[in-house]
Amino acid sequence: MKKFVLVLTIIFLSSCAELQQVVNSLPQTTSGGFGISNIDIANGLRQALDNGIDKQVTKLTQKDGFYRNQLVKILLPQELQKVDKTLRDIGLSKLADEGLRAINRAAEDAVKEATPIFVGAVKQITFADARQILLGNDRAATSYLQSKTNNALYAKFNPVINRSFSKVGADKIWSNIITKYNALPLTNNVNPDLTDYVTQEALKGVYKMIAIEEKEIRTKLSSRTTDLLRRVFALQDN
């Protein structure tokens, strides 16, 4: 008899586990019913990322979009910080300022040209773990986007930055700066890969601005400007 009860208990627990897996796979609403699917959640997350591109990333494409934005302003790499200090010490602060502004101008110009790349990347994302991402931290969707697209976007973004360097004259400005610095006595010659550095920093800035909009949508009801955003992000409010 005890063996029979034990067998029944094992069967019951096994059935409960399978039932729970089925329930977990069903799209749930905030009330515990069924009505919003993982596809809806994925579309809502994509919409939030699109809003980040439309509202926040476009700010970076404007004049001084990077240079005057302390959140994303591109500072000099460590190798060039000594160049900057040396130029200022010998009375060439204006040239140093011009060099810093130039790399930010290149990023602003490149983001303008590359924005469709980000839009296309968002459209191609399939959120297999949509619900988990939704219930993650304030930048979970942005972090997911970054992990899935950063390498591919770098490959596309880098030549855009390179063209922008020439377009805004940053290449000539920095060639002049580095030539002057390397000609100074008691200095070690520098030859930094500014295109790579600015590409990396520009991408960081773009993701940071997208994350700002994601956080707004997650934390402020007024930022959920569509019915889909309201329905999807209501799930994470509970």
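All letters in the sequence shown, in the order written, are residues -19 to -1, 1 to 219 by mature numbering (1 follows the signal peptide of the UniProt record, and there is no 0).
Glycine is no exception: its CB is placed at the ideal position from the N, C-alpha and C atoms.
Can you tell me the Cα-Cα spacing of residue i and residue j, whole angstroms?
i, j, result
"Ile71", "Ile154", "18 Å"
"Leu52", "Gly186", "8 Å"
"Ile142", "Asn219", "43 Å"
"Asp177", "Ser145", "13 Å"
"Val179", "Pro58", "9 Å"
"Ile34", "Ala111", "20 Å"
"Ile158", "Leu184", "25 Å"
"Arg205", "Lys36", "13 Å"
"Leu30", "Leu210", "11 Å"
"Val92", "Ser147", "15 Å"
Using three-state DSSP, classify residue i as helix, strand or coil.
i, result
"residue 228", "Residue 228 lies beyond the residue range present for the chain, which begins at -19 and ends at 219; the question has no answer from this structure."
"Phe47", "coil"
"Gly150", "coil"
"Lys201", "coil"
"Pro173", "coil"
"Pro166", "coil"
"Phe214", "helix"
"Ile84", "helix"
"Phe108", "coil"
"Lys129", "helix"
"Ile55", "coil"
Within the continuous alpha helix (DSSP H) that includes residue i, where are the two ends?
i, result
"Gln62", "Gln59 to Asp70"
"Leu73", "Unbroken run through Leu73: none, as it is neither H nor E."
"Leu26", "Asn19 to Asn32"
"Asp218", "Neither: Asp218 is in no alpha helix (DSSP H) and is coded neither H nor E."
Once you ignore the five residues that flank residue i on each side, which residues in its own chain have a CB closer than 7 Å to its CB?
i, result
"Ile106", "Arg27, Leu126 and Lys129"
Residues in the same chain with beta-carbon distance under 8 Å from residue i, minus the five sequence neighbours each way, listed in chain order, please.
i, result
"Val4", "Its pLDDT being 32, under 50, Val4 is placed unreliably by the model, and nothing is read from it."
Residues in its own chain within less than 6 Å of residue i by CB, not counting five upstream and five downstream?
i, result
"Arg69", "Ala77"
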